[in-house]
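In what follows, a structure is listed as structure tokens, so that the remarks can point back to it.
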Amino acid sequence: MIAAVKGRHPTPAQSKVAALRSRLRASGLRATPARLAVLSFLESASRPVSHADLVEALADSGIDRVTLYRNLTDLTQVGLVRRADLGDHVWRFESAQSKSGHAEHPHFTCVECGEIACLSEASVRIAQGKGIPRSATRALEIQIRGLCDRCS
Ligand SMILES: [Zn+2]
Ligand SMILES: [Zn+2]
């Protein structure tokens with residue numbers, strides 16, 4: 001437990017934690033240190049991360065892998081985090097409010113090196129057509145596979 005520092009204005013980092021805390025509470029979750037750590041890491045990540053990535057990144061935090069997995073699941077269930085299998089049968093997680101946009105967006109996976117990139121929503125357009133559900137222009141999970149710039 002960290003003692004509160006009195007008589008100081010909150011640092012940017014503290015304000016960020018306060019914002020994360022209120023988002024957790026608004027979603028009906030208790031703002032535990034583990035959830036704050038997971039959400040904070042996902043917000044700063046520039047691409048979706050796997051459970052293994054998270055375990056490695058938060059190795060110094062003292063949060064064990066089972067707890068991390070449970071918290072990823074909790075955060076996904078309340079919609080703060082999105083989960084996707086980007087073609088290699090590994091669940092990857094990203095903040096539903098990441099820099100890359102709060103909306104569902106396409107992902108690119110390199111078939112050679114496994115590099116994953118978040119693409120902007122506007123980079124892929126789905127035309128209406130036979131067999132395409134009407135909701136497809138908005139709420140569709142799109143995965144693009146091919147060779148990245150380095151591998152092509
Ligand atoms: Zn590649
Ligand atoms: Zn993404």
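With the numbering used here, letter number 45 in the sequence shown gets 45, and the count goes up by one each step, no holes.
Virtual Cβ for every residue (Gly too), placed ideally from N, Cα, C.
Predicted, not measured: the structure shown is a model, and the values here were computed from it.
DSSP state of Arg145 mapped onto helix, strand, coil: DSSP places Arg145 in strand when its eight states are reduced to three.
Short Cβ contact (8 Å threshold) for Ser61 with Ala37: The answer is yes: Cβ separation under 8 Å.
Simplified DSSP assignment, three categories, for Asp85: Correct three-state label for Asp85: strand.
Beta-bridge pairing of Ala19 - partner residues as DSSP gives them: BP columns for Ala19 are empty, so no partner.
Closest Cα partner of His51 within the set Ser40, Gln77, Ala45 and Arg65: The shortest C-alpha separation from His51 is found at Arg65.
Asp85 classed as buried or exposed, judged by whether at least 16 other C-beta atoms fall within 10 angstroms: So Asp85 counts as exposed.
Run of the beta strand (DSSP E) containing Thr109, from where it starts to where it stops: Counting along the chain, the beta strand (DSSP E) containing Thr109 begins and ends at His107 to Cys110.
Proximity below 8 Å, CB of Phe108 to CB of Val49: No. Outside cutoff.
Status (buried if at least 16 other CB within 10 Å, exposed otherwise) for Cys151: Classification of Cys151: exposed, given that the 10 Å Cβ count is below 16.
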